[in-house]
Structures are given as structure tokens and as C-alpha cells.
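Have a look at the structure below before the remarks.
Protein chains: 2
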Amino acid sequence: MDRPIGVFDSGVGGLTVLRALAHELPDEDLLYLGDTARVPYGTRSPETVIKYAQRVAAHMWSSGIKALVVACNTATAHALPTLQASGEALGIPVVGVVEPGVEAATKATVTGRVAVAGTEGTIRSRRYQDALERRGLEPVGVACPLFVSLAEEGWTDGEVPRLVAEAYLGGLREGPDTLILGCTHYPLLTSAIASVLPDVRLVDSASATAQVVARELEARGLIAESPGGTTRFLVTDNLDRFVRVGERFLGQRPEHVELVDLPAPHGPFAGTPS
Amino acid sequence: MDRPIGVFDSGVGGLTVLRALAHELPDEDLLYLGDTARVPYGTRSPETVIKYAQRVAAHMWSSGIKALVVACNTATAHALPTLQASGEALGIPVVGVVEPGVEAATKATVTGRVAVAGTEGTIRSRRYQDALERRGLEPVGVACPLFVSLAEEGWTDGEVPRLVAEAYLGGLREGPDTLILGCTHYPLLTSAIASVLPDVRLVDSASATAQVVARELEARGLIAESPGGTTRFLVTDNLDRFVRVGERFLGQRPEHVELVDLPAPHGPFAGTPS
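For the record, the sequence lines run as chains A and B. Residue numbers for the first sequence follow numbering that gives the first Met the number 0, beginning at 0 and rising by one. Residue numbers for the second sequence follow numbering that gives the first Met the number 0, beginning at 0 and rising by one.
Rendered as C-alpha cells:
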């Protein structure tokens, strides 16, 4: 199967997941789509996130992907069940970032008290908290909206990110032993977060997600038959900014980037499957 | 003429302009639209901002407005000429926030050196800088992207906003005598900005814009014939968040808020007029 794996995010954040995938599955071709015309998803309603995610998934499906990775916590939190139902009907696996992160945190915690930091939408959805509770853990959710702008502006070290991290997370010092970075932007702020919570294990779902994707491809016989390893990028707006800001998330300058216009959705992935 | 004045912004920021309009024209009915399904405009390309602005303007036109106020600096910077050409054809005035701010700064400056702080899109457009140069002034533009999140999160006082303001604006201390707050969010950060630039005059275009609107309505015989003074709000997503965050911008809780879905644009304001 030499079709690419589709990886989608609202913008640049999912590049941290793409990076982990390229590391875990170096022979696979990857197709990334950043919905930069509609970013951020973190402050939108569940209905709107579902609509946007369907539009992106429909476009990626029409590009011939063999699997879809929802590399955005907010999109996973709101839209994964809908996208998975469509994926099921079309015969392609759809993997989100929440379950892999929860699995990793479950392994990491000793006390069973696990915090999750995320966007307003992700925390309000309670997707992480519910998944942790189902495993018998004690979750606490903290929305950290300013982290996204800090990461995108490259403001990841020094006094400002440390003060912001202290304001959001200082209250967790006497609590959980594990913190899930429940937004793909937050790994860039690891040093600021770790300075506030030096004794807390930080769980980044990127590599956990990449492992789940590898497992799924194996199980379904979808592993690349010949070595590929190419990566292409699609964005829905502002290509220049994607390249400039994306470099910090990907660890290298994104190349082969194309601007696409997503029409109103139709066909597979477009509506809620019955 | 008892039709409402339409006021549009990408989200909550334009509420600072709405507030000034309600103060300047207390008898007018106002219809506000916050495009919260597509906010923020500040990091988008000019083409996308124009497309989004046309969609909003077309919807407001179909709601029967008698004038349109583009209460968003980024939308004004990119889309005002297009919207004004449509407005001309339809016989309604379209007023943006850039020219009124520039006029007010021209009156305020003594040395002729004027800075403007705004979103990435506004500063890159050079709309303010060019308008200031046309008046023989010496402009300097500074993009302050983090200010929007700080204002929306209510993080307007204390060490974090002061440090962020210092990082963006500290370099202006020996320069301009006047600073245009070229984004409707920034007035909420006045105290942090003033603490960094105590000797610089801060110009907020909200009241200047309201005065220009009043002048236009007078000139065209469009002033309300009977006292109205009602305000209605439309948002394209996440009504709850609009009410919650909007309260800080409006100075009171927005009431009579409705969720609207904007279809792909057609009819007046929808395309670039010939």
C-alpha cells in the first residue's frame, strides 16, 4: 500500500505529531493538512469543529490517503467519533491523539492523579477527563489558552512563559504526579512547564500516537510496500506564515507546501454517517 | 431612516467601537456581527480576510442596515476598498477604523513621529503607515500578536501584560510621541501600555470612528428619525464565549445575541464589484 498517511491539524501544532510519525514510520509517505484559514479550533463550538474537521477529512480522502491521523486535540475531542464512523464505512483507520495520550499517562502515573492541560474546547469537552476516569484515575483539567499564542510567537523561554505557566499550573504543585500536554502546541513550552512543576511527569501524546498508528497499519496490512518517506504539506491559507511558524514545530523548514481551497464538503466524510 | 447601523468585527474586539457608537449616537439602532466562526482575522492572508468580510457584509446588507462600520482593523486594512466600492453601488456608507485613527493621531502628535501597534496582518498591510506618510508624518509599525489573547483572557493587569508590552513596545521609548492602538483589543491593555510608554499619547480609534460615522449619517440624511437605541448581536459561533468574553469589551453583558450561519456569499457585497 503506497498511499500516504493523512495527518490533519487546525494549523501548525500537528507538526509535532507529524515529526513523531516520520520518526516512527520513516518509510511512509505523509500528507499533512493545516486548516490555517479556520485556525484556531480551540475556542470554537463542538458543532463548528465537527463541520471543519469533516471538510478537511473529505479533502484528504479525495487525495487518496490510506489512514487519517487527527493530530489536533480539539478536533479529536469533538470530532473523532464522527470521523471514525466515516472511516469505518470507507475502510480506513482514523486515529486521534487523546487515547494514545491517556494510555501513556496511565503507564506513567504512580499515584493515579493525572492532570491534563489543553485548549478551552478540549478541557470543556471532558474527553480526556472521562477517558482517565474510565481507567480508574483521578483527572483534573486545566485550560491554558495563552500557551498557543506563546508557542506560535516563539515565546517559549524566559520570564513571560514561566509566569504564564505558573498562573495556569502553579496550583497543581501539590496534586497530580503526571501532566498530559493535551494540545500539540504545548511541547514547545516544556521547559517553562517543567520549571513550574519539576516533579511532575510530562506526557506528550505525539510519540504515543505515532506508535498507535504503526500498530494500526501493521494490523490492517497497510504498511508501505516500498520505502517512500516523502512529506507534502497542504494549507488553507497564509502559506508564508505556515512555513515561518511551522519550522519551530517541525524542527525543520516545511518544504513542498501547497495552498488549497476547501469547498463546502460533499461525498465521503462530508456528513454524519447514519 | 430607522434602519440599524451595522457594525462588524471578526469577534469581540469591535465591541469597543460599538460602545463608542452607542455613546455618540444614542438614538440609533445598532446591529453587531462578530464572525466568531472565523476569528481571528489578524493572522490570515489579505485574500481570505476579503472573502470573510464580504460574506459578513452581504449578510448584514440583507438584514437591512443603512450604514456599515468595519470595526476591525485587519478587515479595514485589507477589505475596506472592496467593501466601500460595494457600498457605493448600494448607496450605503462604509466606514473603517484606520482613517479615523490616523486623523486623531495627526491631531495628537507634536513631533510628527507616530507609532502604530496592530495585528500581524494590519502592520504588514502598511495601511496605517501609508496613511500617516501621506500626511507627512513619520510612522513606525509594531505587530503585537500576543495582546489579543491577553485581552480576551482578561489578563490586562499585572506583571505578564507589562512584560509583554515592554517586549513589544519598549524600543519606542525614545521615539514617537503618539501611539495608535491599531487593534480594537488593545484599549483593554491601556494601563500596561501606558506603564511602558508613560510619555506617549495613546490614540484609540473607537471614538474617532464614532464621530466619523455621525458625520456621514448627518451628511447623507440618515440620522434616526425617532429615538431607537436598541442593540442586537449576531455571532457565527460559540455564543456563550462571546457573551462571557464580550462583557469585558462592551462594559456590560451583551444581550439579544443570536447565532447565525453565514452561507457562501452571493448577491450584493459578495464579489468584487467591477
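Built from N, CA and C at the ideal position, the CB exists for glycine as well.
As an exercise, report each continuous beta strand (DSSP E) stretch of at least 3 residues that is fully enclosed by the segment 82-108 of chain B, in chain order.
The segment 82-108 of chain B contains these whole beta strand (DSSP E) runs: 93-95.
Beta-carbon contacts of L145/B that lie in its chain and below 7 Å, excluding the five residues immediately before and after:
The residue you call residue 145/B lines up with position 146 of the second sequence. Closer than 7 Å at Cβ, skipping near neighbours: V163.
Determine whether the Cβ of L85/B lies closer than 8 Å to any Cβ atom of chain A.
Residue 85/B sits at position 86 when you count from the first residue of the second sequence. Checking the sequence shown, residue 85/B turns out to be Ser, not Leu. No - not a single Cβ of chain A is within 8 Å of the one on S85/B.
With burial defined as no fewer than 16 other Cβ atoms inside 10 Å of the residue's Cβ, what is the status of G170/A: buried or exposed?
By 1-based counting over the first sequence, the position of residue 170/A is 171. The residue in question, G170/A, is exposed, as its Cβ has fewer than 16 Cβ neighbours within 10 Å.
Under the three-state DSSP convention, the category Y167/B falls into:
On the second sequence, residue 167/B is found 168 positions in, with the first residue counted as 1. Looking at Y167/B - three-state DSSP - the assignment turns out to be helix.
Looking at chain B, which residues of the segment 39-50 of chain A have a Cβ within less than 7 Å of any of its Cβ atoms?
Cβ contacts with chain B: T42, R43, S44 and T47.
Could you tell me if A88/A is buried or exposed, where buried requires 16 or more neighbouring beta carbons within 10 angstroms of its beta carbon?
To locate residue 88/A, count along the first sequence from 1; it is residue 89. Under this definition A88/A is an exposed residue.
To the nearest angstrom, how far is the alpha carbon of L216/A from that of T230/A?
The residue labelled residue 216/A in the question sits at position 217 within the first sequence. The residue labelled residue 230/A in the question sits at position 231 within the first sequence. The alpha-carbon atoms of L216/A and T230/A are separated by roughly 18 Å.
Taking the C-alpha atoms as reference points, what is the distance between R219/A and I64/A?
The residue labelled residue 219/A in the question sits at position 220 within the first sequence. The residue labelled residue 64/A in the question sits at position 65 within the first sequence. A straight line joining the alpha-carbon of R219/A with that of I64/A spans about 14 Å.
How many Å lie between H58/B and F268/B at the Cα?
Looking up residue 58/B in the second sequence gives position 59. Looking up residue 268/B in the second sequence gives position 269. Whole-angstrom Cα-Cα distance: 9 Å.
Same chain, Cβ closer than 7 Å to T271/A, neighbours up to 5 away in sequence not counted
Working through the first sequence from its first residue, we reach residue 271/A at position 272. At T271/A the pLDDT is 44, less than 50, meaning the model places this residue with poor confidence and gives no usable figure here.
Just the C-alpha distance for F232/B and E173/B, rounded to the nearest angstrom, thanks.
Here residue 232/B refers to the residue found at position 233 of the second sequence. Here residue 173/B refers to the residue found at position 174 of the second sequence. For F232/B and E173/B, the distance between alpha carbons rounds to 42 Å.
Look up D239/A in the DSSP assignment and say whether it is helix, strand or coil.
The residue you call residue 239/A lines up with position 240 of the first sequence. Three-state result, D239/A: helix.
Any C-beta of chain B under 8 Å from that of V159/A
Position 160 of the first sequence holds residue 159/A. Against chain B, the CB of V159/A has a partner CB under 8 Å away; the residue lies at that interface.
Cβ pair E23/B, Q251/B closer than 8 Å:
In the second sequence, the residue the question calls residue 23/B occupies position 24. In the second sequence, the residue the question calls residue 251/B occupies position 252. Taking 8 Å as the cut-off, the beta carbon of E23/B is found no closer than this to the beta carbon of Q251/B.
Under a three-way DSSP split, which group does T230/B fall into?
Reading the second sequence from its first residue, position 231 is the one you call residue 230/B. Reduced to three states, the DSSP call for T230/B is strand.
Have a look at A191/A and P160/A and give me their C-alpha separation to the nearest angstrom.
The residue given as residue 191/A occupies position 192 in the first sequence. The residue given as residue 160/A occupies position 161 in the first sequence. Taking the CA atoms as reference points, A191/A sits about 6 Å from P160/A.
The beta strand (DSSP E) enclosing G120/A, as first and last residue numbers:
Working through the first sequence from its first residue, we reach residue 120/A at position 121. Premise fails: G120/A lies in the alpha helix (DSSP H), E119 to S124, not in any beta strand (DSSP E).
State the beta-bridge partners of F7/A as determined by DSSP.
The residue you call residue 7/A lines up with position 8 of the first sequence. Bridge partners of F7/A: L32/A and V69/A.
Roughly how far, in whole angstroms, is the beta-carbon of V6/B from the beta-carbon of V68/B, given that I think they are within contact range, below 8 Å?
Counting from one through the second sequence, the residue named residue 6/B turns up at place 7. Counting from one through the second sequence, the residue named residue 68/B turns up at place 69. Confirmed, Cβ separation roughly 5 Å.
Of the residues that make up the segment 206-221 of chain A, which ones have a beta carbon closer than 9 Å to any beta carbon in chain B?
Of all residues in the segment 206-221 of chain A, none has a C-beta nearer than 9 Å to a C-beta of chain B.
What residues of chain B sit near E152/A, judged by a beta carbon separation below 7 Å?
Mapped onto the first sequence, residue 152/A falls at position 153. Neighbours of E152/A on chain B, chain order: P144 and L145.
So S148/B contacts chain A; which residues on that side make the cut at Cβ distance below 7 Å?
Taking the second sequence and counting its residues from 1, one reaches residue 148/B at position 149. What S148/B touches in chain A: P144, L145 and S148.
Which residues mark the beginning and the end of the alpha helix (DSSP H) in which P45/A is found?
The residue you call residue 45/A lines up with position 46 of the first sequence. Counted as a single uninterrupted DSSP element, the alpha helix (DSSP H) harbouring P45/A occupies residues P45 to S61.
Under 8 Å between C-beta atoms, does A36/B make it to chain A?
Counting from one through the second sequence, the residue named residue 36/B turns up at place 37. True, the Cβ-Cβ gap to chain A drops below 8 Å.
Residues in its own chain within less than 6 Å of T155/A by CB, not counting five upstream and five downstream?
Looking up residue 155/A in the first sequence gives position 156. Excluding positions up to five away in sequence, the list reads L187 and L188.
G140/A - DSSP class collapsed to helix/strand/coil
In the first sequence, the residue the question calls residue 140/A occupies position 141. In the three-state scheme derived from DSSP, where H, G and I count as helix and E and B as strand, G140/A is classed as strand.
So, is the C-beta of R240/A closer than 8 Å to a C-beta in chain B?
Residue mapping note: residue 240/A aligns to position 241 of the first sequence, counting from 1. Closer than 8 Å to some Cβ of chain B, the Cβ of R240/A qualifies, so yes.
Let me see if you follow: with CB-CB separation under 8 Å, is N237/B close to chain A or not?
Stepping through the second sequence from its first residue, residue 237/B is reached at position 238. So yes, N237/B belongs to the interface.
Own chain partners of T110/B with C-beta closer than 7 Å, once the 5 adjacent residues on each side are dropped
Here residue 110/B is taken as the residue at index 111 of the second sequence, counted from 1. Within its own chain, the residues whose Cβ lies closer than 7 Å to the Cβ of T110/B, once the five positions on either side in sequence are excluded, are D176, listed in chain order.
Give the range of the beta strand (DSSP E) segment to which R200/A is assigned.
Sequence index remark: in the first sequence, residue 200/A carries index 201 (1-based). From DSSP, the beta strand (DSSP E) with R200/A extends over R200 to D203.
C-alpha gap between A70/A and D8/A, whole angstroms
The residue labelled residue 70/A in the question sits at position 71 within the first sequence. The residue labelled residue 8/A in the question sits at position 9 within the first sequence. Within the model, the alpha-carbon separation for A70/A versus D8/A is close to 5 Å.
Against chain A, with Cβ distances strictly below 8 Å, would S9/B count as a contact?
To locate residue 9/B, count along the second sequence from 1; it is residue 10. Not closer than 8 Å to any Cβ of chain A, the Cβ of S9/B fails to qualify, so no.
So which residues on chain B does V163/A lean against when the C-beta distance must stay under 9 Å?
Taking the first residue of the first sequence as position 1, residue 163/A is located at position 164. Correct list: W154 and V159.
Should S273/A go down as buried or exposed, given a rule of 16 or more other Cβ atoms within 10 Å for buried?
Stepping through the first sequence from its first residue, residue 273/A is reached at position 274. For S273/A, the predicted structure reports a pLDDT of 33, less than 50, and the residue's modelled location is therefore unreliable. The matter cannot be settled from this model.
From the DSSP output, read off the bridge partner residues of A213/B.
As a first step, residue 213/B is located in the second sequence; it is residue number 214 there, counting from the start. Paired residues: none, contrary to the question.
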